[in-house]
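This report concerns only the one structure given below.
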Amino acid sequence: MSDNIFKEVINHSTGQREWKLVNEDNIDLAKEIAITGFGDMILDKNRNDLYEKGLIDAIKKKHENNEEARVVDIGCGTGLLSLMAARAGADSITAFEVFKPMADIARNILNSSEYKDKIHLVTTRSTDVNPKVLGKLGNIIVAEVFDTELIGEGALKTFKEAHGSLVEKGSKVIPSSAKVYVVPFESSILRSFQTIKSNKTIKNPFAFCSGYQNVFDCQLSEMDIPDLIILSEPVEVGNFNFEDPDNLFYEEINYRRFTVTKEGQHRVDGFIFWWDIDMTGDGNCIISTVPKFIDKDRYVWRDHWMSAVYYPPQQLIVSEGDAVDFICAHDEYSFWFHLGIASIDAPTCDCGIHMLFSRNSIHRINNLPQDTKYMDCLYKNCEGKDVVCLNEGSFIGLYAAQTARNVTIVEENSTFRKILEKFIEFNEIKNITLISSLYYVREFFDYVISEPFYLTAILPWEHFRYLYDLDRLSCEYDIAPENLFIKKAELKCIPLYAENLWKIGAPVGTVSGFDLTGFDDITQAARRATISIIEAHPLWEYTNVVAGDVMSLIEINMTDSLDEIKEWLSNSCFVPFTNSKCNVVAFWIDFTLGDDYFIHTTGFENFKDSNNTIPSWRKSCKQGIYFVDLTKKDKIIKGINVDISMNEYGGLDFIIQEQFD
5 MSDNIFKEVI
15 NHSTGQREWK
25 LVNEDNIDLA
35 KEIAITGFGD
45 MILDKNRNDL
55 YEKGLIDAIK
65 KKHENNEEAR
75 VVDIGCGTGL
85 LSLMAARAGA
95 DSITAFEVFK
105 PMADIARNIL
115 NSSEYKDKIH
125 LVTTRSTDVN
135 PKVLGKLGNI
145 IVAEVFDTEL
155 IGEGALKTFK
165 EAHGSLVEKG
175 SKVIPSSAKV
185 YVVPFESSIL
195 RSFQTIKSNK
205 TIKNPFAFCS
215 GYQNVFDCQL
225 SEMDIPDLII
235 LSEPVEVGNF
245 NFEDPDNLFY
255 EEINYRRFTV
265 TKEGQHRVDG
275 FIFWWDIDMT
285 GDGNCIISTV
295 PKFIDKDRYV
305 WRDHWMSAVY
315 YPPQQLIVSE
325 GDAVDFICAH
335 DEYSFWFHLG
345 IASIDAPTCD
355 CGIHMLFSRN
365 SIHRINNLPQ
375 DTKYMDCLYK
385 NCEGKDVVCL
395 NEGSFIGLYA
405 AQTARNVTIV
415 EENSTFRKIL
425 EKFIEFNEIK
435 NITLISSLYY
445 VREFFDYVIS
455 EPFYLTAILP
465 WEHFRYLYDL
475 DRLSCEYDIA
485 PENLFIKKAE
495 LKCIPLYAEN
505 LWKIGAPVGT
515 VSGFDLTGFD
525 DITQAARRAT
535 ISIIEAHPLW
545 EYTNVVAGDV
555 MSLIEINMTD
565 SLDEIKEWLS
575 NSCFVPFTNS
585 KCNVVAFWID
595 FTLGDDYFIH
605 TTGFENFKDS
615 NNTIPSWRKS
625 CKQGIYFVDL
635 TKKDKIIKGI
645 NVDISMNEYG
655 GLDFIIQEQF
665 D
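With the working numbering applied, the sequence shown has no gaps in its numbers, which climb one by one up to 665 at the end.
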């Protein structure tokens, strides 16, 4: 019998988190697996081949020494590495997978294989298991427990505690070791994802906040960063021997130095970070997350592991030939960096911004005053008016105050309200009233604005929470359509051929000679369920070309009442593909603002090339991505039928079906 469990969902009409009761067999849980990115990892041929080489090498050496090869697979996922171990001749395999829905998939795959009698699946966390229930200890560990930071999924504890409890001391580990590298860089674009810049209108009272130690994991090799300057040769900053538990430390401080190799004067904005893992222990079999612009011969595209960016709290100007000391430190799960050697503690955020906002949102805040057309529209439409501002986590009210008579900012998030208070005080803005609820709107107003932006929104249309706030305000006040800044919202889409992004949602089929369709049976069914999965991804990080035309799917008059919008907000349309290689469809919202009907997009901005084939995407927003069904490889897809409606949580539901020739 299946158990009922609670799943947290966000009600986008209120911004509140709610608990939804689902059954373990419910399609919602299958969707959770489908959107984890397991597919991209399973389809990583470089990873698979090198893990198998490591297994073959370790098992062969055990047998050459007249030893049994007893493999322990920690975090087995689909069971792929266990199957590889069995094929390589392991005498026994114990596979651990604590995530029950994934363990159920692994069980089905393993039971359908010729090696089912060799592999024992355990659904207990490896660090919690009683060794007595395992019988004889293993002598080979294989584990894929890494993330972009290498240690963020608990790799240190996993390996350290496995020795002596799951495997014998001195056991072989695949991978045997890891090395971590960084290079310092200069880039205003990358810096804009970390620090809110002061501008001629608004100064940042927290300009010297250290930020937070969290990593910025992004597809650096795919991103358009024309101002990126690498300032030195790579520096090794960490070395982990997974076969030596006594020298695996949860906390370390490493002192390092780099020498600036670039001419002229430069600002150190951060460190680009990657790691190498050694699968055989001899340096001949390396999996790396090195960026393409550092080593194009070793670069492999992946989404489950990426190169990353860290931002030290210090600001430093350097010149060619300068030798700069710095610190690389880590705890059990994360790294941090300091320029100089005066400080070793992990950076802590004093302003609240780095704790509250995603990297994309910080970039959005920086980009807002640079969007001169948007700002001109805002200033013009607010001039001399008494304005009410409806958002959550937006600075638009601060800018509106430059030309408005008075601005009332409704900010329900208490943390951001305190941040706004500091900005208002620091910039000596006298014509802003900051309130915590629509209930406290008491002053006369003649104009309503919104960016629109809400902290709980992930997909572009989840900012429609504005409609619910406006509806509540309209219950108390008569608001004429001409007194609304947001005039229209248009849901648009475009078919694309994405060079690599498609792998995240693709069926895996047969991998390294093993039938993993048991994984597809769950994940692909979830993707083709009644409500289609639309995932949020920042398209500017992924290489893509057009495979069809931009289409308008729904046009919403944002000056209509909420009841009117709900009544008619549904549409069906066909989206044709002009390229049979189309593998994703991107969705976004264009907002029409002000009396001059300025278009503010959350997606497609323009083309990068003269042939109009390579789109340029807004950096501060994620777009909605539908992964085209690639399971029917023998058929040519001519397009998709899209049905759209608004759900009870204030978001949009999509029902999408492929149409074949």
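For each residue, glycine too, the CB sits at the ideal point set by N, CA and C. Predicted, not measured: the structure shown is a model, and the values here were computed from it.
Residue i - containing alpha helix (DSSP H), residue span
i	result
Glu403	In the sequence under discussion, the amino acid at residue 403 is Tyr, which differs from the Glu named in the question. It spans 400-404 - the alpha helix (DSSP H) in which Tyr403 sits, taken as one unbroken run.
Gly242	Not the alpha helix (DSSP H): Gly242 falls in the beta strand (DSSP E), residues 239-245.
Ser536	First-last for Ser536: undefined, no H or E at that position.
Ser584	That residue, Ser584, is in no alpha helix (DSSP H); it is neither H nor E in DSSP.
Ala470	First, the amino acid is wrong: residue 470 is Tyr here, not Ala. Its alpha helix (DSSP H) spans residues 469-478.
Phe163	159-166
Which residues DSSP lists as bridging residue i, in chain order
i	result
Gly142	Val171
Lys496	Ser556, Trp592
His334	Glu256, Phe339
Ile641	Phe664
Lys314	Checking the sequence, you will find Tyr at residue 314 rather than Lys. Phe275, per the DSSP bridge assignment.
Lys501	Just to set this straight, residue 501 is Tyr in the shown sequence, not Lys. Bridge partners of Tyr501: Val549.
Leu488	Val452
Ile234	Phe189
Tyr458	Glu396
Asn561	Lys492
Residue i - DSSP class collapsed to helix/strand/coil
i	result
Asp282	strand
Met650	strand
Thr605	strand
Phe631	strand
Glu3	As shown, the chain starts at 5 and ends at 665. That puts residue 3 outside it, with no answer to give.
Ser574	strand
Glu28	Unreliable placement is indicated for Glu28, whose pLDDT of 49 sits below 50; the coordinate value is still reported in the next sentence. Here Glu28 sits in coil by DSSP.
Arg129	coil
Trp621	strand
Ala529	helix
His270	strand
Arg261	strand
Asp151	coil
Asp519	strand
Leu656	strand
Leu543	helix
Leu442	helix
Asn610	strand
Lys626	coil
Leu597	strand
Asp250	helix
Asp329	strand
Lys176	strand
Ile569	helix
Integer-rounded CB distance, given that residue j should sit under 8 angstroms from residue i
i	j	result
Phe100	Cys80	6 angstroms
Val219	Thr152	6 angstroms
Ser668	Arg368	Coverage of the chain is limited to positions 5 through 665, which leaves residue 668 absent and any answer about it impossible.
Lys201	Asn371	That belief does not hold up - the Cβ atoms of Lys201 and Asn371 are roughly 10 angstroms apart, past 8 angstroms.
Phe591	Ile660	At roughly 10 angstroms, the Cβ-Cβ gap does not stay under 8 angstroms, so Phe591 and Ile660 are not in contact.
Ile113	Leu520	6 angstroms
Phe246	Val328	At roughly 31 angstroms, the Cβ-Cβ gap does not stay under 8 angstroms, so Phe246 and Val328 are not in contact.
Lys183	Trp279	7 angstroms
Ile629	Val579	With 8 angstroms as the limit, Ile629 and Val579 do not qualify as a contact, their Cβ atoms being about 14 angstroms apart.
Ile490	Leu597	6 angstroms
Asn410	Asn435	5 angstroms
Pro499	Ala551	4 angstroms
First and last residue of the uninterrupted beta strand (DSSP E) at residue i
i	result
Arg421	Here Arg421 belongs to no beta strand (DSSP E); instead the alpha helix (DSSP H) covers 418-430.
Phe189	181-190
Thr437	436-439
Leu320	320-323
Tyr451	451-453
Ser292	290-292
Cβ-heavy atom distance, residue i to the ligand NAP, below 8 angstroms
i	result
Trp621	Summarising the ligand content, the structure contains no ligands, and the ligand NAP is consequently not present.
Q. Considering only residues of the stretch 354-413, which uninterrupted beta strand (DSSP E) runs meet the minimum length of 3 residues and lie entirely inside it, listed in chain order?
A. 390-394
Q: Would you list, in sequence order, the uninterrupted beta strand (DSSP E) runs of no fewer than 3 residues that lie entirely inside the stretch 35-117?
A: 74-78, 96-100
Q: Return the chain-ordered ranges of every alpha helix (DSSP H) run that is complete within the stretch 193-230 and spans a minimum of 4 residues.
A: none
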